[in-house]
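J.: I'd like to ask some things about the structure below.
If you want it as structure tokens, here you go:
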């Protein structure tokens, strides 16, 4: 059994208002990441600073613009990306390994896709963006098949009926991580319809993460991409 | 206002156990059709005989094999088709007009598709069957695009994630009637997932009928095909 | 197989922030249309201008009043209609062909109906508006039956319990496209109840589009109306 | 406060396996009724006998054919009706008062309607049956409007999309009790779709009971009919 | 068949933006009522004025405070009630007949109950209010049983788990109209949970209207109360 | 940290086809219990024998009649109870401590209640059964209030609308464990409606277990009853 | 039967706008508590004052900051806690008895947990807070197992997938009250997903309260803790 | 663009009743697999024979025992495994590469897990089975952590509340494919509850396939395992 599970004093950084899981990188291979939405300003800043000190870098998701500005002031060098709502500080210049294709059905899915792509990049994987290639204009997707096939893992992001992953699944060797988005209206049920589409996919090699969960897809893709690159 | 709406005595054939709407052909252009499932044997036979006498032909859906045998005995010349579960008697040889494409994603969707195709044919429209061309093997669908485009109306039948109509919708000029099927398991929710997919389609020109409702799709397609052919 | 599917360079107008499907008219018979809601101002304007240059006309849906004003300034001659939230610029005077009946149950359904009617008109079909004829005051509907029957296609728009299409379906020869609206409260589930009503309709010839999807219904109706008129 | 609420010993007939509420008639004006489905044979018979002895008459619902035969043997004179699945023994010849219209959309709804009608009759109200007048053939309903209007209360029974009560609600002065049935398939969700339709009705004067609950509708209608007749 | 159904010119007051059903009182016994929510100011005022001229009185529901002030200015003598959000003008002093009990489980249900009570009163029925007698403090309800039993009809209004109608149903002779409210949080699903509770009630004599539909319950209760009083 | 969590070899009895958690009594205070439904005959018998040898007693739930007979042959002295579908062998005569009230709304809920009561008794707690006291005949419940109040914990079992726990919750000092049952039809949604009722209860002191989960309620009640008795 | 149920005049404090259940402490052992959300300012203050006069102390939940300030002015000595949104005034210094563990999965669940903890404390029970020990970093939970086991009752608060109670249930002797929270996004369905997880728990000894219902969990835990302490 | 997409004649083996996608291995790296459930006997056999001839091996899922026997007769050497309901014929002895951990929460989940494991093995990956280590007896899981961590990919199979993947996700470096099963009862909603739990997981690196979809999980795991092994 892994020793880290038994040690009461290690692996937890207790800030009073939060208990940071500083053991994550050794246990799972990834830094602790900050979900910024809803966090109080002073707590958010302290968490970012503490993790930066502990890990030498830090990554936050779902940060609104105001939070982004705040963090940039608190941590010089931190980058805030408005589309993906991510904030990150990663001093060292790192070479990005492998290849993950991040594909969207429409332009409205790009925010979620960018959260995924930024996650890939923060964790050292190369992400190729292929956006707005939804199945109602199939020639747009077919013209990009070779790029998609070249990736170790495909992140397929789609709202409305969410058919994109099924079509991609039938064209590639490698795993497809399907991300339903809340894009749409009426019977889209806030993304549940797209989620059901993807879960019921007749194509193989498709697995699904939560609605709008670009971060989760990116994390999962990095795991796969690292495996594909580890023996090089 | 149409006179038929006001006449209390006409347009209804009261069998005691049912009130047949014999006014349908003049009001809507279609014979009254029999939904066989669950009907008592003697009533079923009497309804078939009465409608045959009144209309000169008769069509029934959702008839199980036992009912089919029964009807064949009661009405010489009646045909029972086991795949589509339809029973029909239509003495006159009629030329089928226009063209309706009936397309399925998988082989398990064929029973519903055949109900649609038989309905098209009973009501005088030509149905071209294009089966097992689901989106997870896109080359199968692409090899049939010309045939699908040639139709005045496309009936697209799919279970599981139901992505087929979205892909077809982006390839054709004419209307696509999407039929979700209950084919699948788990989170397919008895066809609700496929129904939601189709209702949320990002492609245009798609409208949806009830789960497994091949008859409804066929009826709708015949209306469109007749309009397309009426001025020839 | 259609050549347009194979050409990697054609059929896509890449603006960086969007990949316009300029191949639509040749592939499906309809211009590319703009879904305005949520688009950034500068992108919205550039898309309108680009499509106008490419197609000689342009049509947008779900544009709020502010967007409408913006577009009017950017494209002289553009019309913004506040009820339907559509914006369009179509210089040539075109004769509207055929007849599509756009019918609503209540006055609150008119916004969705107008989106449908404006879509019909933009794509060259004549739309006859018949509003506020819901089934709880049946005389209002019955007084308009002849007008509804005269159409090649009926768009029936209803919220709350959504019973209107079922009643119309039993009175007409031609297809009925049912549009559920989110009008109502409580157990209307944002339009899902009306959608289920329409999907389960006992009347034939009814197919259904997404909640509040006036554009989709209009597009579908134009397809049918064009078929009905094509041989004249 | 009503004394019967306080008396621990009265109003309950304890059979060991069931505690019969013999206080119902004095408290609510109705006999205790037996829901037969799932009851063990010997218990069922004892309950029927006990209630018959106590009340001088007895009524059971949801009795299958085998139970019906059993009860007929146990209680001479008891009538079992196979369509409504009701069993009753009511020696005295009673004049039925007032008028309740029991209306169905289709023939498949008749079983539920008969449960309602038999309930009305057992409790002394006159029930007029008007069956198979669904809204897809409106002339059938319109030809019966006068009969429906003449009733003190209308029980409107419908499956599939359940639109019948909305149309009737707009044509009558008196209350409409809507009974959704589980008739239909696919997205009817076992009757939930029809239930939602009726709950969302745009017509006034409509209230709803559980799916297939003919007994509940009959009971409710008898309450109303008694009120309407009480001062004669 | 009723003549009013056939007359194309009567029974409709066409204002251009709405087609008022002025035939309601003769067809159903009730004035046309105005659902104010979402109506444009000028249209709202014109509808109120037109109906007042036509009917000699007028009643509106779901009017917010601003609309209430506006209507008071436009129609001198009009009363706006902020709790029930009703606006009404009814010059003649009318004696209220019969008795309807309007009962709520909690204080948060009072707004819906008042909509019901005001509806009863506008249509000439006497409403007795019995509020805040929910089942978690049963002594509050039991102390009012005699008052509830004395009514021709009970309107039982409850949110959260909605158990009140079941308890009342077992204590009274006359019909109970159950009104689920959206009061509650979490798994109350905006009132759907209370609606399901009421629809599944084991007590008899209960029928259900839409969530928060105080008006519908009041209308239904007036129908019943009128029947109970008509022979006096 | 508890040592038992760290020991890889203890606390698991590996039968090949199952890994029995023999550590449960020391970790949680309860024997491992067997969920019989769906288990293969030979495996079922071996599990019973193994646990009996290890624990000196054994308890199984959801055993159908055939399984019960089988187990009685395999383990002399084992008792099978057909109503609760439990099978148990507990040689020592144990005094039952404290008091748990097991209350049902109807007779159809008794099977679930008996599973709860048998669980209480197997684990050494005294269970008082109070059945068929649903809220539609309130006098039945009120006559038993003193008995219910005397218990350390109340298990309230109800199907259909599931209102019983709310009424009991307002009458007692001690915790109420609510058990929704699948009893009912139509909109009861297999017990989900009763579950929602109970979760939304306006009364305090109520917590809820899964539909038909008599065992879970019994286990939970025993925990509470033991706490109440532990200092005597 | 308890006398308090029969007394019409006692046990109710009628303020006109509310009927306070002052009988609660004698009937259930707990003061009447105020649910502040949505109450008008003057009514809120009067309710607090009246209850304080009647009970000598008072407790309110779901009070927003503005209400908290208002109440502090109206009732000197009243404490308002912003995290838990509770307001309370309890002059006497009371020793807290027993031990209740209040455990959360994440930091975003703390607001709900604090409502539970404050409820425990107001009603005289000792609450030990153990926060941010969710199952994705198991070492955090395992390091606290002894503390959790020492409690008479565990309140386990979790959003997202809500797995925490299942893990705790397998580690303790005493009851676990599971509180799902609305924390999460996408398919969390406002907390319904976590609620379902907890209701379906494979661990024993777990019962569930409504989403975000910290007060209900606290009340339930106090009942259990009191039983555990009553014989000391 | 891949040439195989354009060739109309290749990549499809048309049997009349089915169009086999023989292009799969070259396009996706996997043989075409047969979903046996519901296939007619003669068609099933012909499909197996045809694929065996074409691919040199064949694999079928969801084959019931009768189908298994039939296939064994038709294809000498074919193995039918009753637990996983798989049938396969793979003459060549192949070394299994890498490592996939297949983990279940309970014994009832083993059927689904075996479908996954057999899929892994058929496609050449080594599967390590770790069964019955659900979270309610955490010591069982913790004793296997090292084995789970050693895998390139974890398939975590769980019914009921489905908490297992969340706990595993926090302990490993590599991807976790979560498979919800339909195991459970009541509010498990046929597996939807477990599916929602997994989709909402707070742990990272988890993606989800359809309920009971062992094959899909196995396929996905093989993709990942191949990537991890490809450079060795």
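Chains as they are written, first to last, in the working numbering: chain E, 5 to 236; chain F, 5 to 236; chain R, 5 to 236; chain Z, 5 to 236; chain B, 5 to 236; chain W, 5 to 236; chain D, 5 to 236; chain C, 5 to 236. A virtual CB, placed ideally from N, CA and C, is assigned to each residue, including glycine.
Could you name the residues of the same chain whose beta carbon sits closer than 8 Å to that of residue 51 of chain C, not counting the 5 residues immediately before and after it, in chain order?
T.: Mapped onto the eighth chain, residue 51 of chain C falls at position 47. Cβ neighbours of residue 51 of chain C beyond the five flanking positions: 19, 22, 24, 38, 43.
J.: For the alpha helix (DSSP H) containing residue 129 of chain R, name the first residue and the last one.
T.: Walking along the third chain from the start, residue 129 of chain R turns up at place 125. Counting along the chain, residue 129 of chain R falls outside any alpha helix (DSSP H), though it belongs to the beta strand (DSSP E) covering 129–134.
J.: Starting from residue 189 of chain B, follow the alpha helix (DSSP H) in both directions and report where the run begins and ends.
T.: Position 185 of the fifth chain, counted from the start, is the residue given in the question as residue 189 of chain B. First-last for residue 189 of chain B: undefined, no H or E at that position.
J.: Could you tell me the distance, in whole angstroms, from the CA atom of residue 224 of chain Z to the CA atom of residue 15 of chain F?
T.: What you label residue 224 of chain Z is simply residue 220 of the fourth chain in a count that begins at 1. What you label residue 15 of chain F is simply residue 11 of the second chain in a count that begins at 1. Roughly 34 Å between the two C-alpha positions.
J.: When we look at the beta-carbon of residue 151 of chain F and count the other beta-carbons within 10 Å, is it buried (16 or more) or exposed?
T.: By one-based count along the second chain, residue 151 of chain F stands at place 147. Counting Cβ neighbours within 10 Å, residue 151 of chain F comes out exposed, since fewer than 16 surround it.
J.: Please list the partners that residue 171 of chain B has in chain W, where partner means a Cβ-to-Cβ separation under 8 Å.
T.: As a first step, residue 171 of chain B must be located in the fifth chain, where it is residue number 167. By Cβ distance, chain W contributes 139, 140, 142, 167, 171.
J.: Pick helix, strand or coil for residue 222 of chain B, following the three-state DSSP scheme.
T.: Position 218 of the fifth chain, counted from the first residue, corresponds to residue 222 of chain B. Residue state, collapsed to three classes: helix.
J.: Taking the CB atoms as reference points, tell me whether residue 74 of chain C and residue 82 of chain C lie closer together than 8 Å.
T.: Residue mapping note: residue 74 of chain C aligns to position 70 of the eighth chain, counting from 1. Residue mapping note: residue 82 of chain C aligns to position 78 of the eighth chain, counting from 1. No, they are not a contact pair.
J.: For residue 69 of chain F, count neighbouring Cβ atoms within 10 angstroms of its own Cβ and tell me buried if that reaches 16, exposed if not.
T.: Start at 1 with the first residue of the second chain, and residue 69 of chain F comes out as number 65. Exposed, since its Cβ has fewer than 16 Cβ neighbours within 10 Å.
J.: For residue 247 of chain B, which residues in the same chain have their Cβ closer than 6 Å to its Cβ, ignoring the five residues on either side in sequence?
T.: Chain B is shown from 5 up to 236; residue 247 of chain B falls before or after that span and cannot be answered.
J.: How would you label residue 7 of chain F, buried or exposed, when you count the other beta carbons within 10 angstroms and need 16 or more for buried?
T.: By one-based count along the second chain, residue 7 of chain F stands at place 3. In this prediction, residue 7 of chain F scores a pLDDT of 45, lower than 50, which makes its location untrustworthy; the coordinate-derived value is nonetheless stated afterwards. Classification of residue 7 of chain F: exposed, given that the 10 Å Cβ count is below 16.
J.: Quick one: complete alpha helix (DSSP H) runs, 4+ long, within the region 28–67 of chain C?
T.: Here the runs fully enclosed are 28–32, 45–59.
J.: Tell me the DSSP bridge mates of residue 106 of chain Z?
T.: Locating residue 106 of chain Z in the fourth chain gives position 102, counting from the first residue. Residue 106 of chain Z pairs with Z:133, Z:159.
J.: Using 8 Å as the threshold, is the C-beta distance between residue 100 of chain E and residue 60 of chain E below it?
T.: Reading the first chain from its first residue, position 96 is the one you call residue 100 of chain E. Reading the first chain from its first residue, position 56 is the one you call residue 60 of chain E. Going by C-beta atoms, residue 100 of chain E is not nearer than 8 Å to residue 60 of chain E.
J.: Work out the CA separation of residue 199 of chain D and residue 166 of chain D for me, nearest whole Å.
T.: Counted from its first residue, the seventh chain places residue 166 of chain D at position 162. Counted from its first residue, the seventh chain places residue 199 of chain D at position 195. Distance between the alpha carbons of residue 166 of chain D and residue 199 of chain D: 7 Å.
J.: Any beta carbon from chain W within less than 8 Å of residue 190 of chain C's own beta carbon?
T.: Position 186 of the eighth chain, counted from the start, is the residue given in the question as residue 190 of chain C. Cβ-Cβ to chain W under 8 Å: yes for residue 190 of chain C.
J.: For residue 201 of chain Z, would you say it is in contact with chain R, using Cβ-to-Cβ distances shorter than 8 Å as the test?
T.: Taking the fourth chain and counting its residues from 1, the one referred to as residue 201 of chain Z is at position 197. It does: the Cβ of residue 201 of chain Z has a partner Cβ on chain R nearer than 8 Å.
J.: Measuring alpha carbon to alpha carbon, tell me which residue in W:219, W:215, W:71, W:207 is nearest residue 220 of chain D.
T.: Translated into positions along the seventh chain, residue 220 of chain D becomes position 216. Of the candidates W:219, W:215, W:71, W:207, the one whose C-alpha sits nearest the C-alpha of residue 220 of chain D is W:207.
J.: What in chain D is Cβ-close to residue 115 of chain C, meaning under 7 Å?
T.: Your numbering for residue 115 of chain C matches position 111 in the eighth chain. The premise fails here: residue 115 of chain C is roughly 17 Å from chain D at the closest Cβ pair, so nothing lies under 7 Å.
J.: May I ask which residues mark the beginning and end of the alpha helix (DSSP H) holding residue 197 of chain B?
T.: In the fifth chain, residue 197 of chain B corresponds to position 193, counting from 1. Its alpha helix (DSSP H) spans residues 196–203.
J.: Count the other C-beta atoms from every protein chain shown that fall within 10 angstroms of the C-beta of residue 29 of chain F, then say buried if there are 16 or more, exposed otherwise.
T.: The residue you call residue 29 of chain F lines up with position 25 of the second chain. Exposed is the call here.
J.: For residue 150 of chain F, which of helix, strand or coil comes out of DSSP?
T.: The count along the second chain starts at 1 and reaches residue 150 of chain F at position 146. Correct three-state label for residue 150 of chain F: helix.
J.: Please look up how many angstroms separate the CB atoms of residue 17 of chain E and residue 58 of chain E, rounded, as I've assumed it's under 8 Å.
T.: As a first step, residue 17 of chain E is located in the first chain; it is residue number 13 there, counting from the start. As a first step, residue 58 of chain E is located in the first chain; it is residue number 54 there, counting from the start. Right, the Cβ-Cβ distance comes to about 7 Å (below 8 Å), so this counts as a contact.
J.: In this structure, how does DSSP classify residue 111 of chain R when only helix, strand and coil are distinguished?
T.: Residue mapping note: residue 111 of chain R aligns to position 107 of the third chain, counting from 1. Note: residue 111 of chain R maps to helix in three-state DSSP.
J.: Are residue 218 of chain E and residue 123 of chain E closer than 8 Å when you measure CB to CB?
T.: Your numbering for residue 218 of chain E matches position 214 in the first chain. Your numbering for residue 123 of chain E matches position 119 in the first chain. Yes, these two residues count as a Cβ contact at 8 Å.
J.: Relative to the C-alpha of residue 110 of chain D, which candidate in C:230, C:132, C:125, C:205 has its C-alpha closest?
T.: Taking the first residue of the seventh chain as position 1, residue 110 of chain D is located at position 106. Checked all of C:230, C:132, C:125, C:205; the closest Cα to residue 110 of chain D is C:205.
J.: For residue 91 of chain B, which option in B:72, B:184, B:105, B:103 has the closest C-alpha, if you only look at C-alpha atoms?
T.: Stepping through the fifth chain from its first residue, residue 91 of chain B is reached at position 87. Among B:72, B:184, B:105, B:103, the Cα nearest to that of residue 91 of chain B is on B:72.
J.: Report the neighbours of residue 111 of chain B on chain D: residues whose CB is nearer than 9 Å to its CB, in chain order.
T.: Start at 1 with the first residue of the fifth chain, and residue 111 of chain B comes out as number 107. In chain order: 21, 22, 23, 43, 47.
J.: For residue 188 of chain W, I'd like the list of residues in its chain whose CB is within less than 6 Å of its CB, leaving aside the five on either flank, ordered along the chain.
T.: Taking the sixth chain and counting its residues from 1, the one referred to as residue 188 of chain W is at position 184. Cβ neighbours of residue 188 of chain W beyond the five flanking positions: 163, 164.
J.: List, in chain order, every chain W residue whose beta-carbon is nearer than 8 Å to that of residue 175 of chain B.
T.: As a first step, residue 175 of chain B is located in the fifth chain; it is residue number 171 there, counting from the start. Ordered by position in chain W, the residues that pass the 8 Å Cβ test against residue 175 of chain B are 142.
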